[in-house]
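Each residue of the sequence shown is one higher than the one before, counting from 110 in this note's numbering.
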Amino acid sequence: MKIKYDDESNSLVIKDNLKMHLMLINLLMIINIINAVLTFYNNSLAGVKTGWFIITLGVVSLIILFFSFSKSTLEIVPLDGIDYFIEKSVLGRKRFSLKLKNGKIRNLYLRKTDISQFEKLMDQLNIKRSPEIN
């Protein structure tokens, strides 16, 4: 992942192909939902009791699809659109994201070597840390 500050547009430029990954996840969840609905419909027409597995698969896919729409995939994030950045520690590993003013979250997948650079960049740009305690 490469995060750079662009002086001309006063924005962060993030290159990580997150948009492609999120589109593939959304496509797979939509296919799962369609599959669950068609299986449920076919089984109900044939008089076969539908297993809870198919129903659970469809509901889980709907939930994942719903939460994926709260994520942002912007590659050029204007600084005035950033509210703050979030630092979380999950299983001993630091994870970062940007909370945008439109309510969406832009996840950042940083390597260990990029973390100190990212924190310095946020300090230079006066972007504050998350107000909540992690």
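Think of the CB as a built atom: it goes at the ideal place given N, C-alpha and C, for glycine as much as any other residue.
Exercise for review: Going by CA-CA distance only, name the one from I172, N135, F149, F176 that's closest to I163.
Suggested key: Check the Cα spacing between I163 and each of I172, N135, F149, F176: the tightest is with F149.
Exercise for review: Let me know if G167 comes out buried or exposed under the rule of 16 or more other beta-carbons within 10 Å of its beta-carbon.
Suggested key: By the neighbour-count rule (16 or more Cβ atoms within 10 Å), G167 is buried.
Point to revise | Contact under 7 Å by Cβ, K208 with Y193 | key: yes
Practice item. Between the Cα of R220 and those of F205, Q233, K210, spot the shortest distance and give me the residue it belongs to. Key: Cα-wise, what sits closest to R220 is F205.
Check your understanding: Can the beta-carbon of I185 be found closer than 7 Å to that of I236?
Key -> no
Exercise for review: May I ask you to report which of helix, strand or coil DSSP gives N119?
Suggested key: coil
Review point. Which first and last residues belong to the alpha helix (DSSP H) in which L166 is found?
Key: 161 to 177
Exercise for review: Give the DSSP-derived three-state secondary structure of S153 in the structure shown.
Suggested key: helix
Review point. Is I185 helix, strand or coil when you go by DSSP?
Key: strand
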